[in-house]
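Novice:
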């Protein structure tokens, strides 16, 4: 089956890519005794070569090293933001689904109201008023990303509520809280986890966009968005590499994570072998 | 196709949605003011700028009273709201002009960019989607689909910068940004058209993956449906089957959902207008945010929310028209 072979291929390339990215991001900064901020003006704007595989930027800093540091920061911000958004989304979704009635209606109207403001705009609004810093960025990403998790968890809880094991727990005298925490939440966790994993690249994208607009992380921190922003003047002088590589480093992990999450989703729900959607 | 349009039902749905939009918009404006009140942002310091550093406390207090910033949150919100209804949205500090004027002047350019970009995305997406959906799993399908996933992961600002590098600097065929040539002080149609090409292409292409995947899925599924099989069995040509049957049932859902893509379009416009210095409202939003121009930022956030709600309404109306089973009850 050619289909299964491409499937396996996708799984392995994604897994290897994510592994390489994680190893690079975790191991390079402590092991390699190089300063990514080291300025060497005699080496400025060198095109990619063996010494500098990604070239150097306008201050002579090695771009490969800066990209690894940038990916590290962007990944960290993405992970924390996705985690916060998932916790908030799961709490809201579980509350809406388990309590039902007016609570459900009010919470879902809240979700609707939030989703009628475009994500990046809401993010920009939050960051503009609370910046600068890392936490405003994380908050702005989290505040725009918990909506889908809340919807997913709520609908899962609603469908689980009709199952016999919940009825059994209720007739066994379990309180609403106990049913929610011991029976409903563990059953929704895989779905929420999948949503969280898929959220990481999205959160990284969000952080990069904010940083690129000059609203994200402080510009001395080499996040991927800041790298692209700093490269703008070099680009207008015709030097393409400081712009190209940070963007590629955003695309590659995104595709790899989406590939892995796609495989996970097929396992969770074999009936719907849908396309991997980002 | 000469079916009478259900104007009554559509008007009723529009009315219901307009009524439902009022509380949402009110909530958004109130939230905007509440977030600003909770933030370290101080409207008096923002208004006074560097002069605020040397001004006496007395003057600052006077300014605070003049601006109404000493009022409680709800009072300020209510004052802003009642003024906004009469068309007075306050003054933008970064543009040094009334907010309403900034919006009316810039809205047209943003709409021009957005409509052109949507047209690019729809035409290209349909074309590629049909070609790929016709033979799913084929070489063309796999190549274009992989490209679409990659494109979906690529940030629009990055695509824009690479486009500037390639088309404006390397080839020198298109201008790198702005609305008119730097030397020119009049706005002429052919200058605008030349400056529109790159931003519209980049914005359109950043929206393309979604359109492409939707048409591909629709056409592919439609080719497996009974009416299409029947048409094939009757010996109709491939082309007739494709354009007359599969394309029609495959594309309608996509066209009707265009309205619900407004949030993504606004997100893309925020980045693309900034990269290309396009004088639209999305670029103004970013400027307002970087210099914490609260009146402009608040007005534009509410405007964007209204645009999203309008897009949702449009898409539901079109969907009801395209598929009578759906109706206009929502």
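Protein chains in written order, with our numbering: chain A, 1 to 278; chain B, 279 to 608. All residues carry an ideal CB built from backbone N, CA and C; glycine is no exception.
So which residues of chain B does residue 130 of chain A contact, with C-beta pairs closer than 9 Å?
Specialist: Here the neighbours are 313, 316, 317, 318, 319.
Novice: List the DSSP bridge partners of residue 116 of chain A.
Specialist: Its beta-bridge partners do not exist; DSSP assigns none.
Novice: By the 10 Å Cβ neighbour count, where 16 or more other Cβ atoms means buried, how is residue 165 of chain A classified, buried or exposed?
Specialist: Classification of residue 165 of chain A: exposed, given that the 10 Å Cβ count is below 16.
Novice: Could you tell me whether any Cβ in chain B is nearer than 8 Å to the Cβ of residue 81 of chain A?
Specialist: With 8 Å as the cut-off, residue 81 of chain A does not count as an interface residue toward chain B.
Novice: Which whole runs of the alpha helix (DSSP H) in the stretch 475–550 of chain B are 4 residues long or more, in chain order?
Specialist: Listed in chain order, they are 504–511, 525–534.
Novice: With 16 other CB atoms within 10 Å as the buried threshold, where does residue 397 of chain B fall?
Specialist: Exposed.
Novice: Does DSSP classify residue 56 of chain A as helix, strand or coil?
Specialist: Residue state, collapsed to three classes: strand.
Novice: Use the C-beta contact count for residue 274 of chain A: other C-beta atoms within 10 angstroms, 16 or more gives buried, fewer gives exposed.
Specialist: Caution applies to residue 274 of chain A, whose pLDDT of 46 falls short of 50 and renders its modelled position unreliable; the value that the coordinates give is listed next. Under this definition residue 274 of chain A is an exposed residue.
Novice: Three Cβ pairs or more, each shorter than 8 Å: is that satisfied between the stretch 243–256 of chain A and the stretch 53–70 of chain A?
Specialist: Judged by Cβ distances under 8 Å, the stretch 243–256 of chain A makes contact with the stretch 53–70 of chain A, as three or more pairs qualify.
Novice: Can you give the Cα-Cα distance for residue 20 of chain A and residue 350 of chain B, rounded to whole angstroms?
Specialist: For residue 20 of chain A and residue 350 of chain B, the distance between alpha carbons rounds to 54 Å.
Novice: Across which residues does DSSP place residue 369 of chain B in a beta bridge pair?
Specialist: Beta-bridge pairing links residue 369 of chain B to B/376.
Novice: Kindly indicate which three-state DSSP category residue 266 of chain A falls into: helix, strand or coil?
Specialist: Three-state DSSP puts residue 266 of chain A in a helix.
Novice: Looking only at C-alpha atoms, which of A/81, A/209, A/133, A/90 sits nearest to residue 186 of chain A?
Specialist: Checking every option, the nearest Cα to that of residue 186 of chain A belongs to A/90.
Novice: Along chain B, which residues have their Cβ under 7 Å away from the Cβ of residue 116 of chain A?
Specialist: Per Cβ cutoff of 7 Å: 302, 583, 586, 587.
Novice: Hey, does residue 138 of chain A have any beta-carbon neighbour from chain B nearer than 8 Å?
Specialist: Chain B, which has no Cβ nearer than 8 Å to the Cβ of residue 138 of chain A, makes this no.
Novice: Pairing CB atoms from the stretch 136–151 of chain A with CB atoms from the stretch 202–209 of chain A, are three or more of them under 8 Å?
Specialist: Contact holds: three or more Cβ-Cβ distances are below 8 Å.
Novice: Among A/7, A/105, A/238, A/162, which residue has its Cα nearest to the Cα of residue 150 of chain A?
Specialist: Ranking the options by Cα distance to residue 150 of chain A, first place goes to A/105.
Novice: Please check if any C-beta of chain B sits within less than 8 Å of the C-beta of residue 73 of chain A.
Specialist: No, its Cβ sits nowhere closer than 8 Å to a Cβ of chain B.
Novice: Extract the residue ranges of the alpha helix (DSSP H) inside the stretch 294–338 of chain B, only unbroken runs of 4 or more that lie entirely within it.
Specialist: With a minimum length of 4 residues, the continuous alpha helix (DSSP H) runs that stay inside the stretch 294–338 of chain B are 321–326, 329–332.
Novice: Name the residue from B/601, B/602, B/590, B/603 whose alpha carbon lies nearest to the alpha carbon of residue 292 of chain B.
Specialist: Nearest C-alpha to residue 292 of chain B: B/590.
Novice: Can you tell me which of B/527, B/466, B/594, B/588 puts its alpha carbon nearest to the alpha carbon of residue 541 of chain B?
Specialist: The residue with the shortest Cα to Cα distance from residue 541 of chain B is B/588.
Novice: Residue 577 of chain B and residue 381 of chain B look like a contact to me (Cβ under 8 Å); what is the Cβ gap, rounded to whole Å?
Specialist: Residue 577 of chain B to residue 381 of chain B, Cβ: 7 Å. Contact.
Novice: Check distances from the C-beta atoms of the stretch 207–219 of chain A to those of chain B and list, in chain order, the residues that come in under 9 Å.
Specialist: Listed by position, the residues of the stretch 207–219 of chain A near chain B (Cβ gap below 9 Å) are 208, 209, 212, 213, 214, 215.
Novice: Apply the 10 Å Cβ neighbour rule to residue 555 of chain B and answer buried if 16 or more other Cβ atoms are within range, or exposed otherwise.
Specialist: By the neighbour-count rule (16 or more Cβ atoms within 10 Å), residue 555 of chain B is not buried but exposed.
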